[in-house]
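Read through the structure below, which is laid out as structure tokens, and then see the notes.
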Amino acid sequence: YKAGLSHYMKLFSFYSKMPVEKKALEMVEKCLDKYFQHLCNDLEAFSAHAGRKTVKLEDLELLLRRQGLVTDHVSLHVLVERHLPLEYRQLLIPCAFSGNSVSPAQ
Amino acid sequence: MEEVGAEEQQRFCQRQRLKAAVHYTVGCLCQEVASDKQVQFSKQTIAAISEVTFRQCENFAKDLEMFARHAKRSTITTEDVKLLARRSNSLLKYITEKNEEIAQLNLERKAKKKRKPEDGNKDSLEPDVDVGEQ
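Protein sequence lines correspond, in order, to chains A and B.
Take 1244 as the starting number for the first sequence in our numbering and just add one per residue.
Take 22 as the starting number for the second sequence in our numbering and just add one per residue.
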């Protein structure tokens, strides 16, 4: 869990593009903790709302829409394309492979 | 071309009427608050609040539609409204209380209707209609 957080710290310093104090980083860590708590609560509420016990991609898309990240002009696929590395993109966006099959299966 | 123009005009008129209605209600509410708190609202403030309310309604409508579609329904229910108010705990509490009140009222009305022998099968339609009016 700590190792995962250090990954987010690297991400944060990459996006901030300037040196960050250590105290600020600790604050970011706390914020991330809270953020994930909220995220999980929201996802739980959304999946319960749809009468499911499993969180699905639809729930995440709804959450991103509520957060104003996914809009009518920017779809989830655009965000995936923009921010995720190739191997994850291939998992999330349907792309044709040889053998006339589409991955991921939908 | 003219037909399109006329249609647009009509839509604009409808929008203006809706805005006027919102503005009137906001004015009444502001007056209540003003007499309660002993402060005055300028006309511009009231206009700004009504404009914000109008825009907020657009957001609410879109979100509610989204939530209903998410649950594979085409009718927006109180569950969707509760989901909309989830951001703030106090608001959620308030809305849940109101929801229970409305449900209670509906039950009472239903009980009254059941005493009368006619239109017994209309009861199932009752809750949704009443919630919409509140």
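All C-beta atoms, glycine included, are put in the ideal place defined by N, C-alpha and C.
So, is the C-beta of residue i closer than 8 angstroms to a C-beta in chain B?
i, result
"G1294(A)", "yes"
"E1301(A)", "yes"
"R1332(A)", "no"
"L1306(A)", "no"
"F1279(A)", "no"
"H1316(A)", "no"
From residue i to residue j, what does the alpha carbon distance come to, in whole angstroms?
i, j, result
"Q35(B)", "G26(B)", "14 angstroms"
"E86(B)", "E1301(A)", "15 angstroms"
"S1344(A)", "K119(B)", "52 angstroms"
"V1298(A)", "E1287(A)", "7 angstroms"
"E121(B)", "R1309(A)", "26 angstroms"
"D57(B)", "L50(B)", "11 angstroms"
"S95(B)", "A89(B)", "6 angstroms"
"V1317(A)", "K83(B)", "16 angstroms"
"E132(B)", "E79(B)", "One point to set straight first is that residue 132(B) is Ala, not Glu, in the sequence displayed. For A132(B) and E79(B), the distance between alpha carbons rounds to 36 angstroms."
"N183(B)", "S1249(A)", "This structure cannot settle anything about residue 183(B), because the visible part of chain B is limited to 22 through 155."
"K134(B)", "L1303(A)", "44 angstroms"
"P148(B)", "A124(B)", "Caution is warranted here: a pLDDT of 44 is assigned to P148(B), below 50, making its placement in the model unreliable, and no coordinate value can be reported."
"A1339(A)", "L1329(A)", "15 angstroms"
"Q1280(A)", "M1252(A)", "18 angstroms"
"A55(B)", "F62(B)", "7 angstroms"
"A1267(A)", "G1247(A)", "18 angstroms"
"V152(B)", "I97(B)", "Low per-residue confidence applies at V152(B): pLDDT is 43, beneath 50, and the placement is therefore not dependable, though the value from the model is reported in the following sentence. Computed Cα separation, rounded: 10 angstroms."
"E53(B)", "Q30(B)", "35 angstroms"
"L1312(A)", "F33(B)", "30 angstroms"
"M1270(A)", "S111(B)", "27 angstroms"
"S145(B)", "E129(B)", "Any reading at S145(B) needs caution, since the residue's pLDDT is 43, under 50, leaving its predicted position unreliable; the model's value is listed next. Rounded to whole angstroms, S145(B) to E129(B) spans 14 angstroms at the Cα level."
"Y1278(A)", "S1341(A)", "40 angstroms"
For the ligand SAH, any of its heavy atoms closer than 7 angstroms to the Cβ of residue i?
i, result
"S1344(A)", "With respect to small molecules bound, the structure shown includes none, and the ligand SAH cannot be examined in it."
Applying the criterion that 16 or more other CB atoms from any shown protein chain within 10 Å of the CB defines a buried residue, is residue i buried or exposed?
i, result
"L1334(A)", "exposed"
"D1285(A)", "buried"
"S1259(A)", "exposed"
"L1305(A)", "buried"
"H1320(A)", "exposed"
"H1326(A)", "exposed"
"V60(B)", "exposed"
Taking Cβ positions only, does residue i come closer than 8 angstroms to chain A?
i, result
"L113(B)", "no"
"H44(B)", "no"
"A55(B)", "no"
"A92(B)", "yes"
Below 7 angstroms on C-beta distance, what does residue i contact in chain B?
i, result
"A1288(A)", "L104, R107"
Please list the partners that residue i has in chain A, where partner means a Cβ-to-Cβ separation under 8 angstroms.
i, result
"E100(B)", "H1292"
"F88(B)", "H1292, L1305"
Taking C-beta pairs closer than 9 angstroms, name the residues in chain A that residue i reaches, listed in chain order.
i, result
"A82(B)", "None at all; the shortest Cβ gap to chain A is about 14 angstroms."
Any 3 or more C-beta pairs closer than 8 angstroms across the region 62-75 of chain B and the region 32-46 of chain B
Touching, per the Cβ criterion.
Counting pairs of beta carbons, one from the region 91-107 of chain B and one from the region 1289-1298 of chain A, are three or more of them closer than 8 angstroms?
Yes, since at least three Cβ pairs between the region 91-107 of chain B and the region 1289-1298 of chain A fall closer than 8 angstroms, the two stretches touch.
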